[in-house]
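One structure is given here, and the rest of the page talks about it.
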Amino acid sequence: MPCLNEAETVETCVRDALQSLHRLGVVGEVIVADNGSTDGSRELAARAGARVVSVQRKGYGAALQGGIEAAQGKFII
1 MPCLNEAETV ETCVRDALQS LHRLGVVGEV IVADNGSTDG SRELAARAGA RVVSVQRKGY
61 GAALQGGIEA AQGKFII
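Residues in the sequence shown are numbered consecutively from 1, following the numbering used here.
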(Lines of atoms letter the chains of each structure in order from A and count residues from 1; the text may use other names and numbers.)
(Lines give C-alpha, C1' and ligand atoms only; values in the text may rest on other atoms or scores of the structure.)
Protein backbone atom coordinates (compact mmCIF):
# COMPACT_ATOMS: atom_id res chain seq x y z
CA MET A 1 0.00 0.00 0.00
CA PRO A 2 1.81 3.17 -1.15
CA CYS A 3 1.71 5.97 1.38
CA LEU A 4 2.65 9.64 1.54
CA ASN A 5 1.12 11.71 4.35
CA GLU A 6 -2.03 9.60 4.70
CA ALA A 7 -2.53 10.02 8.46
CA GLU A 8 -6.26 10.59 8.03
CA THR A 9 -6.91 7.26 6.30
CA VAL A 10 -4.00 4.84 6.67
CA GLU A 11 -5.19 3.17 9.89
CA THR A 12 -8.63 2.44 8.44
CA CYS A 13 -7.13 1.11 5.21
CA VAL A 14 -4.72 -1.19 7.04
CA ARG A 15 -7.38 -2.49 9.42
CA ASP A 16 -9.83 -3.10 6.57
CA ALA A 17 -7.19 -5.00 4.60
CA LEU A 18 -6.24 -7.14 7.61
CA GLN A 19 -9.90 -7.87 8.37
CA SER A 20 -10.47 -8.93 4.76
CA LEU A 21 -7.52 -11.32 4.88
CA HIS A 22 -8.80 -12.80 8.14
CA ARG A 23 -12.39 -13.09 6.90
CA LEU A 24 -11.22 -14.92 3.77
CA GLY A 25 -8.89 -17.18 5.72
CA VAL A 26 -5.85 -15.87 3.90
CA VAL A 27 -2.53 -15.80 5.73
CA GLY A 28 -0.72 -12.65 4.71
CA GLU A 29 0.68 -9.30 5.61
CA VAL A 30 -0.17 -5.72 4.83
CA ILE A 31 2.80 -3.67 3.74
CA VAL A 32 2.75 0.11 3.80
CA ALA A 33 5.44 1.50 1.51
CA ASP A 34 6.10 4.93 2.95
CA ASN A 35 7.44 7.54 0.57
CA GLY A 36 8.66 10.09 3.14
CA SER A 37 5.58 10.91 5.22
CA THR A 38 5.94 13.68 7.78
CA ASP A 39 2.48 13.47 9.37
CA GLY A 40 2.84 10.33 11.49
CA SER A 41 1.49 7.97 8.82
CA ARG A 42 4.29 5.46 9.42
CA GLU A 43 3.53 5.15 13.12
CA LEU A 44 -0.22 4.95 12.56
CA ALA A 45 0.17 2.23 9.94
CA ALA A 46 2.44 0.19 12.20
CA ARG A 47 0.04 0.60 15.12
CA ALA A 48 -2.79 -0.70 12.92
CA GLY A 49 -0.76 -3.83 12.15
CA ALA A 50 1.07 -3.10 8.90
CA ARG A 51 4.70 -3.76 8.20
CA VAL A 52 6.06 -0.38 7.16
CA VAL A 53 8.95 -0.09 4.73
CA SER A 54 10.68 3.11 3.67
CA VAL A 55 10.98 3.84 -0.03
CA GLN A 56 13.46 6.60 -0.80
CA ARG A 57 12.67 7.03 -4.50
CA LYS A 58 9.72 9.40 -4.79
CA GLY A 59 6.46 8.75 -6.58
CA TYR A 60 3.45 6.44 -6.43
CA GLY A 61 5.01 3.89 -8.78
CA ALA A 62 8.26 3.82 -6.84
CA ALA A 63 6.40 3.30 -3.56
CA LEU A 64 4.29 0.55 -5.09
CA GLN A 65 7.38 -1.18 -6.48
CA GLY A 66 9.20 -0.81 -3.16
CA GLY A 67 6.32 -2.47 -1.33
CA ILE A 68 6.21 -5.31 -3.83
CA GLU A 69 9.96 -5.85 -3.47
CA ALA A 70 9.58 -5.98 0.33
CA ALA A 71 6.78 -8.56 0.20
CA GLN A 72 7.63 -11.98 1.57
CA GLY A 73 4.62 -13.96 0.41
CA LYS A 74 4.02 -15.93 -2.76
CA PHE A 75 1.21 -13.70 -4.02
CA ILE A 76 0.67 -9.95 -4.04
CA ILE A 77 -2.87 -8.61 -3.92
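We put the beta carbon where it would ideally sit given N, CA and C, even for glycine.
Collapsed DSSP secondary structure at residue i in the structure displayed
i: residue 68; result: helix
i: residue 39; result: coil
i: residue 63; result: helix
i: residue 11; result: helix
Whether residue i touches residue j by CB criterion (9 Å)
i: residue 4; j: residue 36; result: yes
i: residue 50; j: residue 26; result: no
i: residue 67; j: residue 55; result: yes
i: residue 48; j: residue 11; result: yes
Those residues which DSSP pairs with residue i across a bridge
i: residue 33; result: 2, 53
Whole-angstrom distance between residue j and residue i, CA atom to CA atom
i: residue 61; j: residue 30; result: 17 Å
i: residue 33; j: residue 76; result: 14 Å
i: residue 6; j: residue 45; result: 9 Å
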